[in-house]
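Down below is the structure, laid out as structure tokens.
Number of protein chains: 2
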Amino acid sequence: MHKTLTALIALSLASMSTTATADTPALEAQAVRALENDTHAWHFVEGLTTEVGPRQAGTEAEARARAWSMAWLKDKGFANVADEPFTMDTWVPGDIARARVTAPFAQDLVVLPLGNSAATPAGGFEAEVVFFRTVDDLRAAPEGSLKGKIAYISHQMRPAQDGSHYGFAGPVRWVGPGIAASKGAIGAVIKSVGTDHHRNPHTGGTSFPAGVTPIPAGALSLPDAENLERMFERAGGKPVMLKLEMNPRQIGATRSGNVVGEIVGRNPSLPPVLLACHIDSWWNAPGAFDDGAGCAIISAAALHVKQAGQPLRTIRVLLAGAEETGLWGSRAYSDAHIDEAIAVGIESDFGADRIWRFESNFRESNPALHKRIAAAVARFGVSNGNDAATGGADLNIVRDQKGALIDLQQDGLRYFDLHHTPDDTLDKIDPVQLRQNVAVWTMVVGILANEASSILTGGPIPSAPAIMQD
Amino acid sequence: MHKTLTALIALSLASMSTTATADTPALEAQAVRALENDTHAWHFVEGLTTEVGPRQAGTEAEARARAWSMAWLKDKGFANVADEPFTMDTWVPGDIARARVTAPFAQDLVVLPLGNSAATPAGGFEAEVVFFRTVDDLRAAPEGSLKGKIAYISHQMRPAQDGSHYGFAGPVRWVGPGIAASKGAIGAVIKSVGTDHHRNPHTGGTSFPAGVTPIPAGALSLPDAENLERMFERAGGKPVMLKLEMNPRQIGATRSGNVVGEIVGRNPSLPPVLLACHIDSWWNAPGAFDDGAGCAIISAAALHVKQAGQPLRTIRVLLAGAEETGLWGSRAYSDAHIDEAIAVGIESDFGADRIWRFESNFRESNPALHKRIAAAVARFGVSNGNDAATGGADLNIVRDQKGALIDLQQDGLRYFDLHHTPDDTLDKIDPVQLRQNVAVWTMVVGILANEASSILTGGPIPSAPAIMQD
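Heads up: the protein sequence lines correspond to chains X and E, in order.
In this text, residue positions in the first sequence follow our numbering: the first is 195, and each later residue adds one.
In this text, residue positions in the second sequence follow our numbering: the first is 195, and each later residue adds one.
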């Protein structure tokens with residue numbers, strides 16, 4: 195029996211090894227086909243943005259997006275397609291968002307509320323604006339100094355290929371209104387955290403510290419923010435007065451959900467490869483770049499890997515709900531599945547422009563696999579980076595499991611022109627670049643899904659069945 | 195006495211001739227200074243867009259723009275600055291503009307009313323949309339076939355350096371809603387007449403034929419129009435239903451006005467050189483490109499010509515009112531001044547990008563002057579075109595007088611990305627290109643304002659005083 199088992203293992207490993215090497219050319223050929231003529235990804239994002247459009251977390255529109263995505267996945271042959279429900283605290287933007295400078299000049303400004311913003315009284319309020327060039331300037335303002343005033347907070351974000359200026363400017367939105375409120379401000383407006391010059395503000399979530407009552411908080415479009423700053427220069431010290439009216443509100447707990455689907459592997463008891471994106475968007479855009487494209491890319495790649503031959507491991511797609519308003523879906527997925535090991539997690543949530551750099555968090559622990567992936571994606575113009583992958587927002591489960599992560603970094607030079615604005619529409623997606631994403635993902639996911647050993651360490655896989663443990 | 199007069203004339207002409215030739219290098223030097231460091235034009239357009247902003251024709255905002263412009267012109271040393279009033283029929287956009295596809299998919303579309311649009315009933319109406327790819331397709335629809343429906347009219351405008359695709363696509367807006375109304379439509383929406391892909395519709399005037407009752411008529415942003423077209427493709431023949439709500443209205447006769455100012459010439463009895471622009475904008479943008487920049491360019495050029503030495507002829511700037519809603523100011527100016535000869539008219543109303551081509555309507559009647567101007571602007575990258583200048587919208591008086599016209603054609607590749615949209619903001623102006631405009635205008639206006647003979651024919655000027663008629 196022992197000999198038989200050993201022989202079986204040997205046979206199995208040999209066959210796997212053969213499959214793995216034999217599969218590489220098939221996989222590469224499929225990735226090249228994806229590069230040249232993938233239609234799945236465009237079909238997904240075109241359909242989602244046309245038939246559903248904006249899909250704010252926790253609303254009926256997000257529920258329609260889940261239903262639409264599930265129908266699409268089933269139609270394309272995904273197995274175990276499901277909507278895994280969770281509840282969340284839901285904020286909605288309302289339908290009034292007005293800002294008007296009333297003195298020393300009179301002019302409307304284009305504003306949108308930030309997620310978690312409070313409402314103004316009906317009819318709005320008018321108050322003097324205090325101008326802060328940076329969040330640090332706001333932090334330095336004396337306690338109580340903003341009593342009865344509206345804080346305006348600026349920044350100098352620039353396009354960066356790696357998206358790093360989001361970290362540079364993001365605090366203006368993330369914490370600016372909360373700091374202003376804690377110093378007595380009755381409202382806050384920020385220069386949109388973005389890099390374009392269209393009259394479409396960048397919304398996004400903000401938060402208020404414990405014990406600080408939320409205030410109305412909005413984003414001005416960049417042209418409007420710059421105009422407001424010029425008004426300060428021309429005001430000659432006279433107070434700049436702003437009238438602000440918005441009616442967003444918290445509507446309490448509502449249902450959201452994570453959509454999952456699988457390409458079942460030859461050995462479904464092996465930990466799966468998890469591909470993540472998010473299905474929700476802000477209310478103000480059809481969410482083509484953020485993140486319809488991501489869901490399109492991961493789903494298309496899974497289909498191409500399957501087309502090259504049934505993979506060893508199961509590939510699971512996670513179209514997370516309610517990412518934008520606080521990673522509700524990511525946390526719910528981790529809570530529900532923390533005891534089910536994930537082999538490796540990868541996420542697409544940075545638009546649809548070309549992937550230019552590959553990172554993993556197993557460069558040192560599993561150098562052979564890291565190098566093999568780097569070599570495989572080089573032909574698509576993807577370099578081997580120097581940093582450790584940290585994974586996207588919807589990969590909480592992998593971080594919670596301290597598992598393997600890969601980042602396939604997309605070119606971010608255009609991303610913050612569109613991020614969280616009404617301009618995030620289908621026409622912004624370049625089909626050629628979208629297909630490059632699908633091709634790179636096909637290569638990477640195909641290699642990972644056919645890898646018998648542990649992704650993170652290259653060693654045996656604790657949770658794998660006995661037959662795998664040589 | 196006669197001998198004395200003849201001597202005086204000879205002296206005067208000699209001095210003029212000397213001045214004219216001596217002035218060319220001075221003028222050229224001044225134009226180069228303008229190219230390198232003009233500040234007048236930026237100061238004008240920055241101030242107008244910051245301190246006034248949107249200035250819809252016939253409203254208090256347009257009145258503030260006139261007051262602001264007059265103060266600026268006086269401050270810079272223009273003489274005879276005046277606000278010449280006229281009355282006009284005024285349309286205002288209201289504050290509600292909503293469009294939502296309700297079936298077979300549900301999604302909001304971004305819409306703005308067109309000038310002269312009627313209002314919907316409060317709460318809006320819902321109707322089936324009929325899709326026309328072109329105005330000609332709409333024209334071919336049977337009479338009465340649109341009864342109770344909303345017409346959607348598309349086009350395929352592309353950027354064109356000479357702006358000629360405005361003529362290609364413009365009829366969609368100019369006459370589309372009127373044709374739809376005449377065939378029974380209760381509403382019309384058009385693909386914005388523009389070339390960008392931002393969620394900011396291009397408004398602009400439309401008109402309804404005599405006897406046809408105006409209907410609600412709006413422009414969808416180009417991403418929204420394309421989305422609507424994709425919905426038709428995905429609807430599988432099911433009716434596409436649109437809910438439309440808008441509340442624009444006609445408010446009857448209001449006061450507008452033309453702002454004028456002069457650099458007085460050495461011989462103010464000679465017909466002046468008329469430089470035109472318009473001071474009004476649509477309500478939805480600060481009108482930086484359209485046409486704050488134009489008023490900035492002509493005013494700055496007049497100041498630079500003066501700086502090079504008092505010109506022979508008076509230079510008059512005309513900052514026309516109410517151009518956008520029907521050339522009210524242009525017609526009022528011609529009506530008021532038709533008996534006062536204009537030497538030549540030039541207009542700037544096509545943004546602030548580089549001038550690339552020069553045209554006149556005296557190429558054949560006054561070839562020497564035409565060639566002299568063409569040679570003078572060549573150093574600024576301006577070619578000698580092949581067509582006859584027709585003049586801008588605010589030069590009605592020159593056309594009515596059958597006078598001399600010059601077109602200094604600006605690069606229009608970006609113009610219809612911005613035209614009549616909220617995106618027409620100061621940041622769209624490239625200061626380097628703006629200064630090139632001022633430099634070219636300085637050369638051209640300087641030559642014309644120092645030209646003793648008739649601009650149109652090169653012959654003597656009938657309305658000039660005796661001393662000029664050699």
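Note that the Cβ used here is the ideal one computed from N, Cα and C, for glycine as well.
> What first and last residue would you give for the alpha helix (DSSP H) that runs through H234/E?
Replying inline: As a first step, residue 234/E is located in the second sequence; it is residue number 40 there, counting from the start. Element bounds for H234/E: H234 to E245.
> Tell me the DSSP bridge mates of H472/E?
Replying inline: The residue you call residue 472/E lines up with position 278 of the second sequence. Partner(s): A514/E.
> Under the three-state reduction of DSSP, which class applies to Q504/E: helix, strand or coil?
Replying inline: To locate residue 504/E, count along the second sequence from 1; it is residue 310. Coil at Q504/E, not helix or strand.
> Measuring CA to CA, which of I457/E, L416/E, D611/E and R566/E is closest to L267/E?
Replying inline: In the second sequence, the residue the question calls residue 267/E occupies position 73. Of the candidates I457/E, L416/E, D611/E and R566/E, the one whose C-alpha sits nearest the C-alpha of L267/E is I457/E.
> By Cβ distance below 6 Å, which residues in the same chain neighbour S554/E in space, the five residues on each side in sequence not counted?
Replying inline: Here residue 554/E is taken as the residue at index 360 of the second sequence, counted from 1. Here the set comprises H564, A583 and I600.
> So, using beta-carbon positions, are R393/E and D418/E closer together than 8 Å?
Replying inline: Here residue 393/E corresponds to residue number 199 of the second sequence, with the count starting at 1. Here residue 418/E corresponds to residue number 224 of the second sequence, with the count starting at 1. Cβ atoms of R393/E and D418/E: closer than 8 Å.
>> Using a 10 Å radius around the Cβ and a threshold of 16 neighbouring Cβ atoms, would you call G431/E buried or exposed?
In response: What you label residue 431/E is simply residue 237 of the second sequence in a count that begins at 1. Its Cβ having fewer than 16 others within 10 Å, G431/E is exposed.
> Of all Cβ atoms in chain E, is any one closer than 8 Å to the Cβ of N452/X?
Replying inline: As a first step, residue 452/X is located in the first sequence; it is residue number 258 there, counting from the start. By this cut-off, N452/X is not an interface position.
> How is the beta strand (DSSP E) around L306/E delimited, first residue to last?
Replying inline: Position 112 of the second sequence, counting from 1, holds the residue named residue 306/E. It spans V305 to P307 - the beta strand (DSSP E) in which L306/E sits, taken as one unbroken run.
>> Using a Cβ-based criterion (distance less than 7 Å to any ligand heavy atom), does A261/X qualify as near the ligand ZN?
In response: The model depicted lacks the ligand ZN and carries no ligand whatsoever.
> What in chain X is Cβ-close to R428/E, meaning under 8 Å?
Replying inline: To locate residue 428/E, count along the second sequence from 1; it is residue 234. Residues of chain X passing the Cβ test: G241, T244 and E245.
>> Assuming K385/E is part of the alpha helix (DSSP H), what are its boundary residues?
In response: Looking up residue 385/E in the second sequence gives position 191. Segment G381 to K385 is the beta strand (DSSP E) holding K385/E; no alpha helix (DSSP H) there.
> Smallest Cα separation from I549/X: which of V592/X, N461/X, L229/X and E427/X?
Replying inline: Start at 1 with the first residue of the first sequence, and residue 549/X comes out as number 355. Comparing Cα positions, the closest option is L229/X.
> When you compare each of I492/E, I491/E and L464/E to A537/E by their alpha carbons, which one comes out closest?
Replying inline: Residue 537/E sits at position 343 when you count from the first residue of the second sequence. Out of I492/E, I491/E and L464/E, L464/E has the C-alpha closest to the C-alpha of A537/E.
> Just checking, does the region 349 to 356 of chain X make contact with the region 334 to 341 of chain X on the three C-beta pairs under 8 Å criterion?
Replying inline: no
> Mapping DSSP to helix, strand and coil, what is M351/X?
Replying inline: Counting from 1 along the first sequence, the entry for residue 351/X is found at position 157. Coil.
> Since N394/E meets chain X, which of its residues come closer than 9 Å, beta carbon to beta carbon?
Replying inline: As a first step, residue 394/E is located in the second sequence; it is residue number 200 there, counting from the start. Correct list: H392, R393, N394, P616 and D617.
> Per DSSP, V295/E forms a beta bridge with which residues?
Replying inline: Here residue 295/E corresponds to residue number 101 of the second sequence, with the count starting at 1. DSSP, once it has assigned bridges, lists Q301/E and L436/E as partnering V295/E.
> Between the region 500 to 517 of chain E and the region 464 to 473 of chain E, are three or more C-beta pairs nearer than 8 Å?
Replying inline: yes
> If we count the other Cβ atoms within 10 Å of its Cβ and call it buried at 16 or more, is I526/E buried or exposed?
Replying inline: Your numbering for residue 526/E matches position 332 in the second sequence. The amino acid at residue 526/E is misidentified as Ile; the sequence shows Ala. Looking at its Cβ environment, which holds 16 or more other Cβ atoms inside 10 Å, A526/E is buried.
> Given a limit of 8 Å on CB to CB distance, which residues of the region 302 to 321 of chain E reach chain X?
Replying inline: D302 and V304
>> With a threshold of 8 Å between beta-carbons, can R260/X be considered close to chain E, or not?
In response: Your numbering for residue 260/X matches position 66 in the first sequence. No - not a single Cβ of chain E is within 8 Å of the one on R260/X.
>> So if DSSP puts N452/X in a beta bridge, which residue, or which two residues, is it bridged to?
In response: Numbered from 1 along the first sequence, position 258 holds the residue referred to as residue 452/X. Partner(s): E278/X.
> Does the beta-carbon of N274/E have 16 or more other beta-carbons within 10 angstroms, so that it is buried, or is it exposed?
Replying inline: The sequence position of residue 274/E within the second sequence is 80, counting from 1. Flag for N274/E reads exposed.
> Should N441/E be labelled buried (16 or more other beta-carbon atoms within 10 Å of its own) or exposed?
Replying inline: Position 247 of the second sequence holds residue 441/E. Buried, by the Cβ-count rule.
> In chain order, what residues of the same chain lie with their CB nearer than 6 Å to the CB of V303/E, ignoring the 5 residues before and after it?
Replying inline: The count along the second sequence starts at 1 and reaches residue 303/E at position 109. Going by the sequence as given, residue 303/E is Leu instead of Val. Cβ neighbours of L303/E beyond the five flanking positions: A293, L414 and D418.
>> Taking CB distances under 8 Å as the criterion, tell me whether P417/E reaches chain X.
In response: By one-based count along the second sequence, residue 417/E stands at place 223. Yes, its Cβ sits closer than 8 Å to a Cβ of chain X.
>> Ignoring anything shorter than 3 residues, give me the beta strand (DSSP E) runs that lie fully in the region 505 to 572 of chain X, in order along the chain.
In response: 509 to 514, 538 to 541 and 549 to 554
>> If you follow the alpha helix (DSSP H) that F188/E is in, where does it begin and where does it stop?
In response: Since the displayed chain E opens at 195 and closes at 664, residue 188/E lies outside it and no answer follows.
> Per DSSP, S577/X is paired with what?
Replying inline: Translated into the one-based positions of the first sequence, residue 577/X becomes position 383. Paired residues: R551/X.
>> Once the 5 residues before and after V453/X are set aside, which same chain residues still bring their CB inside 7 Å of it?
In response: On the first sequence, position 259 is the one that residue 453/X refers to. Cβ neighbours of V453/X beyond the five flanking positions: R260, S263, M264, D277, I473 and L513.
> Under a three-way DSSP split, which group does F402/X fall into?
Replying inline: On the first sequence, residue 402/X is found 208 positions in, with the first residue counted as 1. Coil at F402/X, not helix or strand.
> chain X partners of N421/E, CB-CB under 8 Å?
Replying inline: Locating residue 421/E in the second sequence gives position 227, counting from the first residue. Near N421/E (Cβ distances below 8 Å), the residues of chain X are T243, T244, G247, P480, T619 and L620.
> By the criterion of Cβ-Cβ separation under 7 Å, what are the contact partners of M425/X in chain E?
Replying inline: Residue 425/X sits at position 231 when you count from the first residue of the first sequence. Near M425/X (Cβ distances below 7 Å), the residues of chain E are T244.
> Do you know how far the Cα of A345/E is from the Cα of A321/E?
Replying inline: In the second sequence, residue 321/E corresponds to position 127, counting from 1. In the second sequence, residue 345/E corresponds to position 151, counting from 1. Distance between the alpha carbons of A321/E and A345/E is about 10 Å.
> What whole-angstrom Cβ distance do V286/E and T253/E have, given they're in contact under 8 Å?
Replying inline: To locate residue 286/E, count along the second sequence from 1; it is residue 92. To locate residue 253/E, count along the second sequence from 1; it is residue 59. Contact holds; Cβ gap of about 7 Å.
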